[in-house]
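Report on the structure given below.
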Amino acid sequence: MNITSMLNNTVDIYEFVLEKNELNEHEKKEKYLKTCYCNIIPMNSKEVKSIADTNANIQTHKFKFRYDSVSDIKKDWIFKFENKVFSVSSWDIDYKNREYIDVYTSLRQE
1 MNITSMLNNT VDIYEFVLEK NELNEHEKKE KYLKTCYCNI IPMNSKEVKS IADTNANIQT
61 HKFKFRYDSV SDIKKDWIFK FENKVFSVSS WDIDYKNREY IDVYTSLRQE
């Protein structure tokens, strides 16, 4: 199967950078990197109860990218798709052909 036909979603990729604010403190800010095509596959979901007795839903998704588009992936990247923010958990590289990268992300919804 051709990988190009599977990559049917566009995702904006951001990373966190440290910037100084007006009080000379370091803040984490999102910095836009690029937009890439990918395939998004929902994996699983679990409900977690936090300290304040609020329930949160944590969903795991797999993003399949072309290898050349995100070969320099980092743990502090986030993906934005349809006003949702996905944080990178881990990734697997297709070492045999170097054709794609599977990136596993988590989405937290309160």
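Position one of the sequence shown corresponds to residue 1 (my numbering), numbered consecutively onward.
We treat Cβ as the ideally placed atom computed from N, Cα and C, and that holds for glycine.
Check, Outcome
"Exposed unless 16 or more other CB atoms sit within 10 angstroms - verdict on Thr105", "buried"
"Outcome for Lys31 when other beta-carbon atoms lying within 10 angstroms are tallied against a minimum of 16", "exposed"
"Limits of the unbroken beta strand (DSSP E) element including Tyr100", "Tyr100 to Gln109"
"Under 9 Å between C-beta atoms of Glu110 and Asn44", "no"
"Start and end residues, beta strand (DSSP E) containing Ala56", "Asn55 to Arg66"
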